[in-house]
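When we follow this note's numbering, the leftmost residue of the sequence shown carries the number 173, and every step to the right adds one.
The beta-carbon is built from N, C-alpha and C at its ideal position, and this holds for glycine as well.
To start, the structure under review is shown below, and the notes come after it.
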Amino acid sequence: MSAPDEQVVEALRATLKENARLQQENSDLAAAATEPIAIVSMACRYAGGIRSPEDLWRVVSEGADVYTPFPDDRGWDLEGLYHPDPDNPGTTYVREGAFLHEAGRFDAAFFGISPREALAMDPQQRQLLEVSWEALERAGIDPHSVRGSDIGVYAGMVHQDYAPDLSGHEDFLSLERALGTAGGVASGRVAYTLGLEGPAVTVDTMCSSSLVATHLAAQALRRGECSMALVGGSTVMATPGGFVGFARQRALAFDGRCKSYAAGADGSGWAEGVGVLLLERLSVARERGHQVLAVLRGSAVNQDGASNGLTAPNGPAQQRVIRKALAGAGLAPADVDTVEGHGTGTVLGDPIEAQALLATYGQGRDPEKPLWLGSVKSVIGHTQAASGVAGVIKTVQALRHREMPATLHLDAPTPQVDWSTGAVKLLTEARQWPDEGRPRRAGVSSFGASGTNAHLILEEAPREETETGHEDARVEASADSVPLVVSAGTPASLAAQAERLASFLENGAGGASLTGVAGALATGRAVLGERAVVVAGSDDEALAGLRALARGESAAGVLTGTGTPGKVVWVFPGQGSQWAGMGRELLDASPVFAERIAACAAALERWVDWSLVDVLRGDADPGLMERVDVLQPASFAVMVGLAAVWSSVGVEPDAVVGHSQGEIAAACVSGALSLEDAARVVALRSQAIAGQLAGRGGMASVALSEGEAAGRLERWAGRVEVAAVNGPSSVVIAGDAEALDEALDTLEDQGVRVRRIAVDYASHTRHVERIRDTLADALAGVGAQAPSIPFYSTVTGEWIENEGALDGGYWYRNLRGQVGFGPAVADLLEQGHGVFVEVSAHPVLVQPITETVY
């Protein structure tokens, strides 16, 4: 083949490869464009003490009344505000609404916000920030862990009439007020406070704001603009302007309550609330192990256009948005069982909406299987920017409970609708949601006075998601007793947190087991300064402990304390932590531990002639654990396995430090040594100790300072040395067996506390020099990388940062030199490390660490 021909063939090959790549890319984009979106968390606050989706479901199911008189803490002229005549200027004929009476409360310090900035912040921003935090925690995500992530924020907000009294500080706080009352800042403040770097968008399409925000977030997720999205809406009425203005239009119900689709409907009822969803692509949620509460199959947004009035509903436009959402979901109207309607209770709006539903969902379906229509506004009122997300949360709860709750105040269907034109029926009473042999589905509508309409199609979570409890999946095994970990910024907040958790458990914990709740608390909550642990073996014990904690009382199984600042150090001890069968229970209880031990066993297999798993289970010859060449590799493996367990429950180190042989495990966990090289070091070095040092010496722990010990050992100079400095008054001495016996007898006679270590060799003394050449040969070629987790050396007293520093030569020096553990702990404390976690089968270094810390 000639050169030109070869060039043509090569060009054709390249073209075919590029075509294949483009086809795959196009296929991926097409799949992503329609991929279902998972709702992985929900959080909310609405009137009537609703502080969670569970509370909302309880109130909706019970049909509770959440309306109250106007709040008396907002500076409203309550005496002059009411007048029964709709035409009376500056007044309203409504006396009640559904209010967030605690909307003014805000823990500014918790979010690092100054009091003056908090004063200037619209309560809508404050509420949105707090509930966004809760949404992350309810997903099992520590809000502190998302800083720098590409999570997006899409928030609906309408009212911008907050005007705090800044008398005497107008100039000083002008910028804070401008930012604190700007709706556009609401989403940005959430992103800024949590450190989120995805899109941050505030939406104002009036009543449809939060549903439009949900649609935009779903699109952004499918396009890869963010990996997760916080979506919601917030409404707090700082002034009574809405009551006054809409009273002029006679658009408010005289009793303040929405009577959705009812013959007695006489207007809407204003309400407050905030709701936030956490969304994620379904495939990503499954990969990450996040619970899927429900699935967003499709959504659509459109506009009324030039219709019969700017704020008047447009029936044909509503039909179009419904059909577009169904088309996007690839569904027919009959595939949807119920619709959570807009249902504001207005004389004009409800009939137009009902006719649009009859013309779409009501057509082409079995009359025996009608579309069931209801609205949460009949229970909690019209929460405006937060109304769409309220409908979503209610619908997700209905899907999970497989029940369609009743619509309140529905004396009879509105006669302004010809209900015979389609198969649509009103939910005058609660109904079980039957299994139709396909996933249960619901539509959710929200129509803005701006003319912007939104419609979503929700589907129940896939069966595999609901049959496997998410909370239980986060915990590897149940236990007789579990720890319920609670933390907060202040003692009062801690008590409130305990009370809320008790109520959550009392109301069924969302179907989660006590073990599942404990797992979620331990791994998916931010760890704050005020802390408590309630240890319980049953729901009753948990409730008793939490109630006591909420009251500030002491009780069995309840521990409280205040966290001290400081970074986390994992501590890996030398010998002394081992015991026969030390891995038996954890091998059975923890798949993470078992998997890591299996990897250690594979890495050690080349160098040893015994079974690691048999040794850890206690199934091997008991005499094996008396051999240094068995117990050191076994202890190493347990430490590496325990480190994996700590990581699996969310505890990660800021640094690692090791004592003697513990440095091998520390180096492995830090990434400085591969598991294979670490196994080689611990196996071959311990074999050299067993073969050439055993029977020649001994070691003992002595309660003296380094200086005192050195002075008292002068008589045995060259024969007994200070091998390790563990703390201010704790050292290890080692040396010739006979000389060590003499020294220990003398020290005991002098009243010094001593404890012989069960070894017959003298590490960290001149004895080790016997195996220098052996170790040089055995450990030649050990590869060492720069640690990915900071590694503090107890050999050099410095941070190990360079590649190759922990080579074979280092592991000789580690065995020969004095262990500077106490000075290392002191240095780590000075550098801001205040939490020391001993990673071992039995604590041996807690006492000297405590002595150094305190």
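Item, Value
"Could you tell me if residue 726 is buried or exposed, where buried requires 16 or more neighbouring beta carbons within 10 angstroms of its beta carbon?", "exposed"
"Could you compute how far the alpha carbon of residue 252 sits from the alpha carbon of residue 260?", "11 Å"
"So, for residue 843: in the same chain, excluding its five sequence neighbours on each side, which residues have a beta-carbon less than 6 Å away from its beta-carbon?", "959 and 960"
"Within the continuous alpha helix (DSSP H) that includes residue 769, where are the two ends?", "763-776"
"Would you mind working out which of 474, 472, 473 and 489 sits nearest residue 480, comparing C-alpha positions?", "489"
"Can you tell me where the alpha helix (DSSP H) holding residue 287 begins and where it ends?", "287-292"
"With a threshold of 16 other CB atoms inside 10 Å of the CB of residue 364, please say whether the residue is buried or exposed.", "exposed"
"Report the residue from 719, 390, 697 and 696 whose alpha carbon sits nearest the alpha carbon of residue 706.", "719"
"Report the residue from 731, 689, 250 and 678 whose alpha carbon sits nearest the alpha carbon of residue 666.", "731"
"Evaluate the contact criterion for the segment 746-755 versus the segment 1013-1020: three or more CB pairs, one atom per stretch, below 8 Å.", "yes"
"So, with DSSP's three-state summary, where would you put residue 1006?", "strand"
"What beta strand (DSSP E) runs, 3 residues minimum, are completely inside the segment 558-624?", "596-598 and 613-619"
"Taking buried to mean at least 16 other C-beta atoms within 10 Å of its own C-beta, is residue 431 buried or exposed?", "buried"
"Tell me the DSSP secondary structure of residue 344 in three-state form.", "Bear in mind that the predicted position of residue 344 carries a pLDDT of just 48, short of 50, making it too unreliable to give a figure here."
"On the premise that residue 1010 lies in contact with residue 682, defined as a C-beta separation below 8 Å, what is that separation, rounded to the nearest angstrom?", "Incorrect: roughly 36 Å between the Cβ atoms, too far for contact."
"Look at the alpha carbon of residue 1021 and the alpha carbon of residue 740, and state the distance between them as a whole number of angstroms.", "13 Å"
"Looking at C-alpha atoms only, which residue of 278, 837, 700 and 708 is the closest neighbour of residue 689?", "708"
"Excluding five sequence neighbours on each side, which residues of the same chain lie with their C-beta closer than 7 Å to the C-beta of residue 150?", "As displayed, the chain neither begins before 173 nor continues past 1026, which places residue 150 out of reach and without an answer."
"To the nearest whole angstrom, what separates the beta carbons of residue 621 and residue 381, a pair I think is in contact under 8 Å?", "The pair is not a contact, with the Cβ atoms about 11 Å apart (cut-off 8 Å)."
"Can you grab the Cα-Cα spacing for the pair residue 918 / residue 312, in whole Å?", "58 Å"
"Does the contact criterion of 3 or more C-beta pairs under 8 Å hold for the segment 936-947 versus the segment 808-826?", "no"
"Does residue 571 come within less than 7 Å of chain C when only Cβ atoms are used?", "Looking for chain C here will not work: only one protein chain is present."
"Just checking my contact of residue 820 with residue 874 at CB under 8 Å: how many whole Å lie between their CB atoms?", "Not quite, the Cβ-Cβ distance comes to about 38 Å (not below 8 Å), so this is no contact."
"Looking at C-alpha atoms only, which residue of 754, 915 and 892 is the closest neighbour of residue 907?", "892"
"Count the CB pairs spanning the segment 372-387 and the segment 419-436 that are closer than 8 Å, and state whether there are at least three.", "no"
"Please report the distance separating the alpha-carbon of residue 882 from that of residue 948.", "30 Å"
"Select from 299, 855 and 589 the residue whose C-alpha is nearest the C-alpha of residue 447.", "299"
"With a threshold of 7 Å on Cβ separation, who are the neighbours of residue 189 within its own chain once the five nearest residues in sequence on each side are excluded?", "none"
"With respect to the beta strand (DSSP E) encompassing residue 329, which residues constitute its N-terminal and C-terminal limits?", "324-329"
"In whole angstroms, what separates the C-alpha of residue 291 from that of residue 303?", "19 Å"
"If you run the structure through DSSP and keep just helix, strand and coil, what is residue 156?", "Look at the range of the chain in this structure, 173 to 1026, and you will see that residue 156 is not part of it."
"Excluding the 5 residues flanking residue 287 on each side, which residues of the same chain have their C-beta closer than 7 Å to its C-beta?", "280"
"Report yes or no: do three or more beta-carbon pairs, one from the segment 604-611 and one from the segment 547-565, lie closer than 8 Å?", "no"
"Could you check how far apart the C-beta atoms of residue 796 and residue 754 are, in whole angstroms? I think they sit under 8 Å.", "Residue 796 to residue 754, Cβ: 13 Å. No contact."
"Roughly how many angstroms lie between the CA atoms of residue 472 and residue 539, to the nearest whole one?", "27 Å"
"For residue 669, tell me which candidate among 617, 631 and 723 has the shortest Cα-Cα distance.", "723"
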